[in-house]
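Student: To start, I am sharing the structure in question, which I have written as structure tokens.
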Amino acid sequence: MAFFLPLVLFFFARVCAIQPVFVKHYCLYDRGNFASNSTYKANLNHVLSSIANAKDTGSGFYTSSYGENSDKASAIGLCRGDVKSDVCRSCLNDSIYLLTQLCPRQKEAIGWFNNCMLRYSSRSIFGAVETGPHFLSWAAINITEEALFSQKLKTLLDSLKNNTSSGGSIKKYATGNIGARGLWTIYGLLQCTPDLSQLQCDECLKSALQAFPPCCSEGTTVFLPSCNARYELYLFYDPSAESQPPLSVVFSPSTSTKSTEGKKFRIRTVIVIVLPFVALSLLLTIGFYIFLRSRKLRERLETTDDDINSMDFLQYDFKTIKDATDDFSTVHKLGQGGFGIVYKGKLLNGQEVAVKRLTQGSQQGDLEFKNEVLLVAKLQHRNLVRLLGFCFEKSERLLIYEFLPNSSLDRFIFDPMQRQYLDWPRHYKIIVGISRGLMYLHEDSRFKVIHHDLKASNILLDAELNPKINDFGMARLCSFDQSNGDTSKIKGTYGYMAPEYALYGHFSIKLDVFSFGVFLLEIVSGQKNGSFQNGENIEHLLSYTWENWTKGTITNIIDPILTGTCIDEIIRCIHLGLLCVQEDAASRPTMALVLLMLNSYSSLPVPSRPGFLLQSKSSNIAQQFNCTEGSQSSLASSICIEEESSNQFNSIS
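Per my numbering, the sequence shown runs over residues -12 to 640.
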């Protein structure tokens, strides 16, 4: 036992390091435990599955119970009132998976993300106020006019509490803000589970607000099982879902009247006076908000050149790079794409580099160049290609990357001769490395980055065959906390684009998850997605995989070179690949969950139908997308900052 304990602790620490999950979670050990083969476990799986697959009600509130007596399991899922349906669904799915992993034997557990809450228990938890366990987070700061701040905060929270508790059985949620001109603005959000009555919600929120620290904090969050409360000095919720106008002016209507007619007259007077004022205030607020966003955008664009010029430590002069590539000799050409040619070069110190020379005369080349420099210079991860420097001189735009001697992954896995050099442990190492790189882009980097064109040709291998994700040329700019959006410009590589993006222009981090799933099936089968060779027929890899999965003949798609080695691990990767390419984006796991699944042996959910199930040749896929490979440049990356760019970028293998 003493021998195995360090191994168990190491594995647990590794999982925790990979997946920093909830804001807070509790496994309630004193509420009882269950065995893995128990009736309660089966009932719990049933209710969690019911929540995961429940029809979207638009309220973000889901409940389920199943079983009898002590084996009865009950669960509640609640999303924050301003989050959209797909974000809600993704958050709850993550919660279901992670909470059951973190509390594998406890009958009762609760976990909070910023966007949702999940709890389950063996006792009845519906329609009851529960204030424990709870979580409190706050940070003290110096506030000007502390007395005024406390007064304004109380006014805001009291108003929101009344609005929240008076909500219906579908949603009990309120947001709002209040400010002191020139000092600060306080933004607040309160929410109860809708199964509570008005009095119960009011009681729960009183407990939450009593937990708030005395003045003054720049922000405070309180999570309780039945309600939550939060305020910040910045806008942290979706303003389009704001339930009431700013509370900068509070009206106190008279309560005494001499007659019914007098009362009606005063009401009409208030309406005539107040409504135009409120409407004007709202218009001014919206206009000021738009003005601030526009000014911020202009400042960002105007400072791009300054940002480039300030990065002198990365800058090379043109002659140095010209000499390193023998005047850009075709002998040193590594590849070519829509935005230029890549050459191999050798600096004076003997270091080998890859030089991307952007095509001169491109109308969008300058902005694309600046985006790539600023983005890649700030993204540092062992599984991303490293930018060494750049040259910004007259009409020349050069990017200098580390040189990776083993070229791109597609030249290994799709070549019958080359792929013999990759045994399954190397395959698995590459899969895990790409997972880590994508999780860094989605969750751990300074920006939220959607690569948008993940495929084998955009994965380079170093001397030890470590994978590195390549191509960050074109940036889609959006708000930092934006997790999804829409575009009318569909650019990418067909066969790797998720259906919601290819057909409707909806983008999110789940685009990369879909592409990763395709890549996972390709690396296991050794075949390209759009041209899977099955005897004399050419089939679509997703369709062929799904057909064999449903028939129980999944080993048919495994590359013969890999047959007989770690077959269970390979089949698990196929299972995971199918989870990643599910048609419903919300059902796909996040890359953090993918990495957790790769590093554990827990049971995986049953996959649903993949997107783009086709039986036709790849040329018909292009017709569905209304594109051709030559005309559709690869949309290399989306970085969530503040606005959308319309550049195109062709990947260079």
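By construction, the Cβ of each residue, glycine as well, lies at the ideal position given by its N, Cα and C atoms.
Predicted model only: the values in this text are computed from it and were never measured.
Let me know the secondary structure DSSP gives T207 once reduced to three states.
Tutor: Start at 1 with the first residue of the sequence shown, and residue 207 comes out as number 220. If DSSP states are grouped into helix, strand and coil, T207 belongs with the strands.
Student: So L498 and S432 are supposed to be a Cβ contact under 8 Å. How far apart are they, rounded?
Tutor: Within the sequence shown, residue 498 is the residue found at index 511, counting from 1. Within the sequence shown, residue 432 is the residue found at index 445, counting from 1. With 8 Å as the limit, L498 and S432 do not qualify as a contact, their Cβ atoms being about 16 Å apart.
Student: Between N393 and N445, what straight-line distance do the alpha-carbon atoms span, to the nearest angstrom?
Tutor: On the sequence shown, residue 393 is found 406 positions in, with the first residue counted as 1. On the sequence shown, residue 445 is found 458 positions in, with the first residue counted as 1. Rounded to whole angstroms, N393 to N445 spans 13 Å at the Cα level.
Student: Drop a sphere of 10 angstroms on the beta-carbon of P576, count the other beta-carbons inside from all chains shown, and report buried for 16 or more, exposed for fewer.
Tutor: By 1-based counting over the sequence shown, the position of residue 576 is 589. Counting Cβ neighbours within 10 Å, P576 comes out buried, since at least 16 surround it.
Student: For T671 and Q338, what's the separation of their Cα atoms in angstroms?
Tutor: For residue 671 there is no data in the structure shown, the boundaries of the chain being -12 and 640.
Student: Please report the straight-line C-alpha distance between S61 and D449, rounded to a whole angstrom.
Tutor: By 1-based counting over the sequence shown, the position of residue 61 is 74. By 1-based counting over the sequence shown, the position of residue 449 is 462. Rounded to the nearest angstrom, the two C-alpha atoms are 51 Å apart.
Student: What is the residue span of the alpha helix (DSSP H) that G169 lies within?
Tutor: Your numbering for residue 169 matches position 182 in the sequence shown. Counting along the chain, G169 falls outside any alpha helix (DSSP H), and DSSP gives it neither H nor E.
Student: Kindly list the residues whose CB is nearer than 8 Å to the CB of E556, restricted to its own chain and excluding five residues on each side of it in sequence; keep chain order.
Tutor: Working through the sequence shown from its first residue, we reach residue 556 at position 569. Counting only Cβ-Cβ distances below 8 Å, and skipping sequence neighbours, we find W411 and Y415.
Student: Roughly how many whole angstroms lie between the Cα atoms of S579 and K148?
Tutor: Position 592 of the sequence shown, counted from the start, is the residue given in the question as residue 579. Position 161 of the sequence shown, counted from the start, is the residue given in the question as residue 148. Note on residue identity: the sequence assigns Ala, not Ser, to residue 579. The alpha-carbon atoms of A579 and K148 are separated by roughly 36 Å.
Student: Kindly indicate the opening and closing residues of the alpha helix (DSSP H) around Y488.
Tutor: For the purposes of this step, residue 488 is taken as residue 501 along the sequence shown, with counting starting at 1. Start and end: P486 to Y491.
Student: What residue ranges within the stretch 175 to 227 form continuous beta strand (DSSP E) runs of no fewer than 3 residues, ordered along the chain?
Tutor: Taking only runs of at least 3 residues, the beta strand (DSSP E) segments lying wholly in the stretch 175 to 227 are 204 to 210 and 214 to 219.
Student: Who does A443 pair with in a DSSP beta bridge?
Tutor: For this step, residue 443 is matched to residue 456 along the sequence shown. Answer is none; A443 lacks a bridge partner.
Student: Tell me T162's beta-bridge partners as DSSP assigns them.
Tutor: Numbered from its first residue, the sequence shown carries residue 162 at position 175. For T162, which the question treats as bridged, DSSP gives the partners L176.
Student: Quick check: G564 and L508, are their CB atoms within less than 7 Å of each other?
Tutor: On the sequence shown, position 577 is the one that residue 564 refers to. On the sequence shown, position 521 is the one that residue 508 refers to. The answer is yes: Cβ separation under 7 Å.
Student: In three-state DSSP terms, what is I548?
Tutor: Taking the first residue of the sequence shown as 1, we reach residue 548 at position 561. Helix.
Student: Who does L386 pair with in a DSSP beta bridge?
Tutor: Start at 1 with the first residue of the sequence shown, and residue 386 comes out as number 399. Beta-bridge pairing links L386 to K343 and F377.
Student: Have a look at T118 and R369 and give me their C-alpha separation to the nearest angstrom.
Tutor: Taking the sequence shown and counting its residues from 1, the one referred to as residue 118 is at position 131. Taking the sequence shown and counting its residues from 1, the one referred to as residue 369 is at position 382. Straight-line Cα distance between these residues: approximately 44 Å.
Student: In terms of residues, what are the limits of the alpha helix (DSSP H) holding K59?
Tutor: Here residue 59 is taken as the residue at index 72 of the sequence shown, counted from 1. K59 -> no alpha helix (DSSP H), and no H or E assigned at all.
Student: Which first and last residues belong to the alpha helix (DSSP H) in which K148 is found?
Tutor: Within the sequence shown, residue 148 is the residue found at index 161, counting from 1. Segment E133 to S152, the alpha helix (DSSP H) holding K148.
Student: Do you know how far the Cα of L425 is from the Cα of E629?
Tutor: Here residue 629 corresponds to residue number 642 of the sequence shown, with the count starting at 1. Here residue 425 corresponds to residue number 438 of the sequence shown, with the count starting at 1. For E629, the pLDDT reaches just 29, beneath the cut-off of 50, and the residue's location in the model is therefore unreliable, leaving the point undetermined.
Student: Should S590 be labelled buried (16 or more other beta-carbon atoms within 10 Å of its own) or exposed?
Tutor: The residue you call residue 590 lines up with position 603 of the sequence shown. So S590 counts as exposed.
Student: Cα-Cα, which of R384, Q323 and L270 is closest to K309?
Tutor: Translated into positions along the sequence shown, residue 309 becomes position 322. The shortest Cα separation from K309 among R384, Q323 and L270 belongs to R384.
Student: Taking a contact to mean a Cβ-Cβ separation below 7 Å, would you say F305 touches E380 in this structure?
Tutor: Stepping through the sequence shown from its first residue, residue 305 is reached at position 318. Stepping through the sequence shown from its first residue, residue 380 is reached at position 393. Cβ distance < 7 Å, so F305 and E380 count as in contact.
Student: Quick check: what's the CA-CA separation for L391 versus D397?
Tutor: Taking the sequence shown and counting its residues from 1, one reaches residue 391 at position 404. Taking the sequence shown and counting its residues from 1, one reaches residue 397 at position 410. If you take the alpha carbons of L391 and D397, they lie about 14 Å apart.
Student: Taking the alpha-carbon positions, what's the K139 to G169 distance?
Tutor: In the sequence shown, residue 139 corresponds to position 152, counting from 1. In the sequence shown, residue 169 corresponds to position 182, counting from 1. The alpha-carbon atoms of K139 and G169 are separated by roughly 14 Å.
Student: Just reading off the alpha helix (DSSP H) that M584 is part of, what are its end residues?
Tutor: Here residue 584 corresponds to residue number 597 of the sequence shown, with the count starting at 1. M584 -> alpha helix (DSSP H) spans M578 to L585.
Student: Opposite V505 in the DSSP bridges: which residues?
Tutor: On the sequence shown, residue 505 is found 518 positions in, with the first residue counted as 1. DSSP lists no partner for V505.
Student: For C202, count the other beta carbons within 10 Å of its own beta carbon; 16 or more makes it buried, fewer makes it exposed. Which is it?
Tutor: The residue you call residue 202 lines up with position 215 of the sequence shown. By the neighbour-count rule (16 or more Cβ atoms within 10 Å), C202 is not buried but exposed.
Student: Terminal residues of the continuous beta strand (DSSP E) containing H33?
Tutor: Looking up residue 33 in the sequence shown gives position 46. No beta strand (DSSP E) holds H33; the alpha helix (DSSP H) holding it covers T26 to A39.
Student: If we count Cβ pairs, one from each stretch, closer than 8 Å, do we get three or more for the stretch 189 to 198 versus the stretch 66 to 80?
Tutor: No, the stretch 189 to 198 does not touch the stretch 66 to 80.
Student: How about I544 and N535: do their beta carbons lie closer than 7 Å?
Tutor: Indexing the sequence shown from 1 puts residue 544 at position 557. Indexing the sequence shown from 1 puts residue 535 at position 548. Yes.
Student: Using the Cα positions of T317 and Q347, report the straight-line distance between them to the nearest angstrom.
Tutor: Position 330 of the sequence shown, counted from the start, is the residue given in the question as residue 317. Position 360 of the sequence shown, counted from the start, is the residue given in the question as residue 347. Answer to the nearest angstrom: the Cα atoms are 17 Å apart.
Student: Taking the DSSP output, what are the residues bridged to W125?
Tutor: Here the question's residue 125 lines up with position 138 in the sequence shown. Answer by DSSP bridge pairing, in chain order: T207.
Student: Could you name the residues of the same chain whose beta carbon sits closer than 8 Å to that of F113, not counting the 5 residues immediately before and after it, in chain order?
Tutor: Here the question's residue 113 lines up with position 126 in the sequence shown. Counting only Cβ-Cβ distances below 8 Å, and skipping sequence neighbours, we find T50, S52, S61, I63 and D182.
Student: Tell me where the beta strand (DSSP E) around K71 begins and ends.
Tutor: Sequence index remark: in the sequence shown, residue 71 carries index 84 (1-based). It is not in any beta strand (DSSP E) - K71 carries neither H nor E in the DSSP assignment.
Student: Mind checking which residues open and close the beta strand (DSSP E) that includes P412?
Tutor: Stepping through the sequence shown from its first residue, residue 412 is reached at position 425. Premise fails: P412 lies in the alpha helix (DSSP H), W411 to M426, not in any beta strand (DSSP E).
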